[in-house]
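**Student:**
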Amino acid sequence: MSARSGIGIGSALVLLAARVAQRSTPQFVLNSLVGIGIAAFFALRSGKAQDAFLPGILYNAGYAVAMLISILTRWPVVGFMIGAVTTHDPFAWRRDPAIVRLCARLTWLLLIPCLSRRIDCSVRNGTDGLETMFGGNSLQQWRARNRFPSSMCFRRHSR
């Protein structure tokens with residue numbers, strides 16, 4: 047285990063002790079330990095510290111794909127949010143085409159940050175944003191690694 051992983055785990059354990067001393071729930075500290083463990087697994091597996099961010103990138107990509115599919119199938123995610131809080135019928139919003147269009151536009155607003163994060167990573171790495179966002183350069187980088195696939199959002203430095 048590297049010193050940085052030890053710092054993350056040590057900090058979480060100190061916070062866990064503080065939570066126990068305060069007699070408050072340790073749930074959030076334990077959740078952070080799970081997150082640190084997952085990040086450490088990815089980083090230690092590949093040998094590159096930036097690979098700790100891979101689970102978050104994949105999680106973000108999953109959200110983006112799910113929201114895009116919901117828009118394309120005319121069942122936008124925002125419609126489910128609205129339906130859950132407005133009526134006794136969670137699908138009542140589907141009966142009004144204007145509301146479906148509005149929910150699709152609002153879902154695009156939720157989708158834009160997911161896409162912009164991916165394009166930002168591509169620009170920082172000096173690649174074409176759309177090519178990388180849709181699997182071009184990133185997928186090739188993932189396959190090229192011999193131990194574990196990853197593509198991170200960091201500037202490349204030549205040595």
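According to the numbering used here, the sequence shown holds residues 47 to 205 in order. Heads up, the beta-carbon is just placed ideally off N, CA and C, and yes, glycines get one too.
#1: I need the DSSP call for Ser70, collapsed to helix, strand or coil.
#2: Quick one: is Ala130 buried, meaning 16 or more other Cβ sit within 10 Å of its Cβ, or exposed?
#3: Mark Leu157 as exposed unless 16 or more other C-beta atoms lie within 10 angstroms of its C-beta, in which case mark it buried.
#4: Excluding the 5 residues preceding and the 5 following Ile145 in the sequence, name in chain order all residues of the same chain whose CB lies nearer than 6 angstroms to its CB.
#5: For Asn106, which residues in the same chain have their Cβ closer than 7 angstroms to its Cβ, ignoring the five residues on either side in sequence?
#6: With the cut-off set at 8 angstroms, would you say Ser247 and Thr153 are in Cβ contact?
#7: Excluding sequence positions up to five away, which residues of its chain have a Cβ less than 6 angstroms from the Cβ of Asn77?
#8: Considering only residues of the same chain and omitting the five flanking positions on each side of Ala98, which have a CB-CB separation below 8 angstroms?
#9: List the endpoints of the continuous alpha helix (DSSP H) containing Thr132.
#10: Is Gly93 helix, strand or coil by DSSP?
**Tutor:** Short version:
#1: Here the question's residue 70 lines up with position 24 in the sequence shown. In the structure shown, Ser70 sits in coil (DSSP, three-state: anything other than H, G, I, E or B).
#2: Along the sequence shown, one-based indexing puts residue 130 at 84. Exposed: under 16 other Cβ atoms inside 10 Å.
#3: Here residue 157 refers to the residue found at position 111 of the sequence shown. By the 10 Å Cβ count, Leu157 comes out buried.
#4: For the purposes of this step, residue 145 is taken as residue 99 along the sequence shown, with counting starting at 1. Cβ neighbours of Ile145 beyond the five flanking positions: Trp139.
#5: Along the sequence shown, one-based indexing puts residue 106 at 60. Hits under 7 angstroms: Cys160 and Arg163.
#6: This structure does not reach residue 247, given that the chain is present from 47 up to 205, and the question cannot be answered.
#7: Along the sequence shown, read from residue 1 onward, the residue named residue 77 stands at position 31. Contacts found: none.
#8: Counting from 1 along the sequence shown, the entry for residue 98 is found at position 52. Answer for Ala98: Ala85, Ala86, Phe88 and Ala89, listed in chain order.
#9: Mapped onto the sequence shown, residue 132 falls at position 86. Taken as a continuous stretch (DSSP letters only), the alpha helix (DSSP H) holding Thr132 covers Val123 to Thr132.
#10: Locating residue 93 in the sequence shown gives position 47, counting from the first residue. In the structure shown, Gly93 sits in coil (DSSP, three-state: anything other than H, G, I, E or B).
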